[in-house]
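Q:
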Amino acid sequence: MARLLVIDDDRSLVELLSDYLGRLGHEVQGTGDGHAGLEALAASEPDLVLLDVTMPGLDGWQVLARIRAVSTVPVVMLTARGDEPEVLRGFAGGADDYVTKPFSFAQLAARIKAVTERASPDRAEGGTVLRGADLEVDTVRHRVLRAGQAVELTPTEFSILETLMREPGRVLSARQIVTSVWGAEFVEETGYIRRYVWHLRQKLELDARSPRYILNERGVGYVFPAET
Amino acid sequence: MGVMRARIPGPPMTSGRLLSVIRWVLPLVLAGLAIFFEWGEHIAGEQEQITTGFIGEVVLFGIVGPIAVFVTLEWVSRLLHAYAEASASLASANHDLEEKVAERTAHLEEATAELAARNADLARANRELRQLDRLKSEFVSLVSHQLRAPLTNIRGALEIVGGDAALLPPPSRRTLEILTLESERLSRLIMTILDVSRLEAGRLSPKLGLVAIEPLLARASASTLGADRGRPWSIEVQPGLSPAWADETLLEEVIRNLLENAARYSPLDQPVLVQATVVDDGIQISVTDHGQGVPLEEQELIFDSFHRIGEDDASVQGYGLGLYFADRLVRAMGGSVAIESPVWPDDAAPGSRFVVTVPVAADGPSDPDDGPEDA
């Protein structure tokens with residue numbers, strides 16, 4: 011489990027998060043403003059920081075900049091604004107993830123797990139972040155990175171990629187993919203898969219005619235190649 | 097505005113008077129000259145007696161000729177008179193016309209000035225409305241953001257207590273369940289308000305892609321109607337239906353909104369029918385209920401924000417945002433939403449059908465080797 015630092019001026023939220031995350035086995039330290047948070051960071055060297063954006067005095071962005079000047083500790087931003095420019099600003103500023111209020115604590119716990127796994131791949135337990143070649147698929151945040159660059163996929167395209175990446179090197183038939191993505195009741199609806207894979211390759215592959223990530227075993231199915 | 101003014105010239109008054117003198121004097125002078133000439137030729141000359149030739153010429157040149165001249169001059173005089181009258185009448189008409197043109201021009205200028213004043217009023221009202229709309233959006237956004245923080249705490253606290261629910265007596269467990277459901281409802285409302293606000297501000301743009309319709313309808317129906325305490329429902333999809341070209345997440349949100357609407361406005365034991373088929377201009381998805389229906393006069397307003405059917409009916413939950421949001425989302429994806437009601441020949445439960453049309457995806461890959469044989 012991880013040592014977490016919560017920096018948020020909402021004392022009720024800090025108390026509730028300490029209780030909830032503490033029950034999950036995390037060690038939680040809470041602070042009510044940016045200055046106290048930076049001091050706690052220097053003193054305790056946590057595994058991950060939960061940082062509120064809107065705070066009096068130093069706001070979340072300023073605290074994030076100061077953290078990044080001295081540390082690579084993973085930071086998850088907590089905010090009441092979920093606009094795309096705001097999210098992009100967070101990532102550009104060095105945030106590792108972004109959770110918009112109102113969030114469920116279970117969802118936040120999953121995000122913490124994904125971010126800590128990504129930061130320390132050797133600690134990964136449940137496989138929330140899948141890697142293959144230069145692809146990184148975060149199954150909690152539904153985020154795909156190719157060589158560090160975000161690739162936007164539709165939910166179904168994401169599920170198909172996740173299905174293939176969970177079993178690298180194994181050829182999956184269209185029926186198996188459909189069953190995994192939509193459920194057994196749609197096992198006969200294999201006609202869509204070929205079109206989805208075509209679109210997926212257009213977005214994912216550098217050259218869709220010579221795919222690297224989703225290979226075709228003619229007459230059998232598709233495979234995400236195992237790393238050699 | 098300038099007006100062309102033309103004046104038709106009339107005959108000068110002196111010419112008229114001169115002609116009236118000449119028409120008498122000229123024939124008399126001609127008669128006198130003719131008689132004098134004929135007298136000189138026939139009587140004072142070689143013949144020295146009155147002959148029939150003398151009489152005939154006197155009658156012809158001294159009487160008939162001058163009379164003809166008189167008649168001609170009289171006719172010319174009348175023509176000139178008529179011409180003068182016509183000219184006067186024309187001048188009078190022209191004058192009237194000029195007055196009318198001037199009057200209308202004045203009216204027009206007045207109307208133009210009034211129109212300009214109204215335009216200025218409208219522009220001012222428009223600016224004020226935009227300002228109000230911006231303030232409203234900012235207010236909605238501010239309130240929604242301010243609500244999100246305490247709501248996070250409430251939901252978090254409920255999650256913590258929910259972990260110990262087994263230790264609670266059954267009535268307290270049920271209270272906890274209700275609290276959780278209500279907090280989720282409040283969360284959905286706030287998120288919808290924020291989404292609407294984002295959509296109106298142009299900050300929510302659809303990400304279009306391939307969408308397989310049947311799995312989407314199954315997911316949306318299961319998550320809304322499946323939780324509706326035994327509500328019967330069915331899905332009918334045209335075999336081999338082409339995929340749509342839409343935003344998968346937003347389209348599912350739209351269908352969920354329509355399904356929640358159908359569940360809200362129809363009795364629990366009445367089925368909801370979800371159908372999908374291909375039409376000329378896209379994929380058509382319909383949600384049909386056996387509810388109270390939507391009166392014709394309501395159908396025009398039903399996609400307006402905060403408009404609810406049966407607003408006085410406190411038993412019907414809702415905020416009048418779902419259909420408005422659905423309509424705006426579908427239009428942003430290049431589609432349309434329509435309503436049909438009544439659907440069934442049943443006065444007590446005529447039902448409603450909401451029809452969503454979204455573009456069909458273009459044909460897929462043309463490379464025959466691109467894909468497994470069984471795909």
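Protein chains in written order, with the working numbering: chain A, 11 to 238; chain B, 97 to 471. Each residue gets a CB set at the ideal place from its N, CA and C atoms; glycine is no exception.
Check the Cβ of A116 of chain A against every Cβ in chain B and list those closer than 9 Å, keeping chain order.
A: Ordered by position in chain B, the residues that pass the 9 Å Cβ test against A116 of chain A are E255.
Q: Can you check DSSP and say which residues form a bridge with W329 of chain B?
A: W329 of chain B is bridged to B:V368.
Q: Which stretch, first to last residue, makes up the beta strand (DSSP E) that contains T384 of chain B?
A: T384 of chain B -> beta strand (DSSP E) spans 378 to 384.
Q: Quick one: Cα of L369 of chain B to Cα of G447 of chain B, how far?
A: So the alpha carbons of these two residues sit roughly 11 Å apart.
Q: Tell me which residues of the stretch 42 to 60 of chain A have at least one Cβ-Cβ distance to chain B shorter than 9 Å, keeping chain order.
A: Listed by position, the residues of the stretch 42 to 60 of chain A near chain B (Cβ gap below 9 Å) amount to none.
Q: Answer with yes or no whether the minimum CB distance from L26 of chain A to chain B is below 8 Å.
A: It does: the Cβ of L26 of chain A has a partner Cβ on chain B nearer than 8 Å.
Q: Nearest to Q366 of chain B by alpha carbon, out of B:P438, B:S330, B:E234, B:S185?
A: Among B:P438, B:S330, B:E234, B:S185, the Cα nearest to that of Q366 of chain B belongs to B:S330.
Q: Chain A partners of P339 of chain B, CB-CB under 8 Å?
A: Under the 8 Å cutoff, chain A gives Y202, R205.
Q: With 8 Å set as the bound, which would you pick, yes or no: does the beta-carbon of E135 of chain A sit closer than that to a beta-carbon of chain B?
A: Note that E135 of chain A scores a pLDDT of 49, beneath 50, so its modelled location is shaky; the value from the coordinates is reported in the next line. So no, E135 of chain A is outside the interface.
Q: Put Q72 of chain A into one of helix, strand or coil per three-state DSSP.
A: Note: Q72 of chain A maps to helix in three-state DSSP.
Q: Tell me, to the nearest whole angstrom, how far the beta carbon of I274 of chain B is from that of L247 of chain B; I am working on the premise that it is less than 8 Å.
A: So it is not a contact: roughly 16 Å between Cβ atoms.
Q: Report all residues from its chain with a CB closer than 8 Å to the CB of S283 of chain B; omit the five preceding and five following residues, and keep chain order.
A: Only L247, R251 meet the Cβ criterion.
Q: Under three-state DSSP, which class holds D43 of chain A?
A: Reduced to three states, the DSSP call for D43 of chain A is coil.
Q: At 7 Å on the CB atoms, spell out the chain A contacts of H241 of chain B, in chain order.
A: A90, R91, listed in chain order.
Q: Under 8 Å, Cβ to Cβ, is there at least one residue of chain A near T453 of chain B?
A: No, because no Cβ of chain A sits closer than 8 Å to the Cβ of T453 of chain B.
Q: Is the Cβ of K473 of chain B closer than 8 Å to any Cβ of chain A?
A: Chain B is shown from 97 up to 471; residue 473 of chain B falls before or after that span and cannot be answered.
Q: Can you give me the start and stop residues for the beta strand (DSSP E) that L354 of chain B sits inside?
A: No beta strand (DSSP E) holds L354 of chain B; the alpha helix (DSSP H) holding it covers 344 to 360.
Q: Count the other C-beta atoms from every protein chain shown that fall within 10 angstroms of the C-beta of M11 of chain A, then say buried if there are 16 or more, exposed otherwise.
A: By the 10 Å Cβ count, M11 of chain A comes out exposed.
Q: Can you look up M11 of chain A in the DSSP assignment and give me helix, strand or coil?
A: Of the three classes helix, strand and coil, the one that applies to M11 of chain A here is coil, per DSSP.
Q: Establish whether the CB of V456 of chain B and some CB of chain A are separated by less than 8 Å.
A: Judged by the 8 Å Cβ criterion, V456 of chain B is not in contact with chain A.
Q: What do you get for G149 of chain B, buried or exposed, if any count of 16 or more other CB atoms within 10 angstroms of its CB means buried?
A: Result: exposed.
Q: Grouping DSSP H, G and I as helix and E and B as strand, with all else coil, what is Q212 of chain A?
A: Q212 of chain A falls in the helix class under three-state DSSP.
Q: Please list, in chain order, all residues of the same chain as A261 of chain B whose beta carbon is under 8 Å from its beta carbon, the five residues on each side excluded.
A: If we look at A261 of chain B and ignore the five residues flanking it on each side, its Cβ neighbours are R269, L272.
Q: Would you kindly check if the distance between the Cβ of V59 of chain A and the Cβ of V83 of chain A is under 8 Å?
A: Yes; because the gap between Cβ atoms is below 8 Å, this pair is in contact.
Q: Sort out for me which residues DSSP pairs Y232 of chain A with in a bridge.
A: Answer is A:L182, A:N226, bridged to Y232 of chain A.
Q: So, is the C-beta of L15 of chain A closer than 8 Å to a C-beta in chain B?
A: Taking Cβ atoms only, chain B never reaches closer than 8 Å to L15 of chain A, which makes this a no.
Q: Please classify D18 of chain A as buried or exposed, where buried requires at least 16 other C-beta atoms within 10 Å of its C-beta.
A: Flag for D18 of chain A reads buried.
Q: Quick check on K111 of chain A - is its C-beta less than 8 Å from some C-beta in chain B?
A: With 8 Å as the cut-off, K111 of chain A counts as an interface residue toward chain B.
Q: Using the beta-carbon of each residue, which ones in chain B are nearer than 8 Å to P165 of chain A?
A: Here the neighbours are E344, T345.
Q: List the whole-angstrom C-beta distance separating V147 of chain A from L140 of chain A, where the pair is believed to meet the contact cut-off of C-beta under 8 Å.
A: Correct: roughly 4 Å between the Cβ atoms.
Q: Taking the continuous alpha helix (DSSP H) assigned at T201 of chain B, which residues delimit it?
A: That run of the alpha helix (DSSP H) goes 161 to 259.
Q: If you draw a straight line from the alpha carbon of L216 of chain B to that of E195 of chain B, how long is it in whole angstroms?
A: According to the sequence provided, residue 216 of chain B is Ala. The question's Leu does not apply to it. Roughly 31 Å separates the two Cα atoms.
Q: Taking CB distances under 8 Å as the criterion, tell me whether V233 of chain A reaches chain B.
A: Closer than 8 Å: no.
Q: Can you give me the C-alpha to C-alpha distance between A134 of chain A and S190 of chain A, rounded to a whole angstrom?
A: Since pLDDT at A134 of chain A reaches only 47, below the 50 mark, its modelled position is unreliable, and the value read off the structure follows with that caveat. Roughly 23 Å separates the two Cα atoms.
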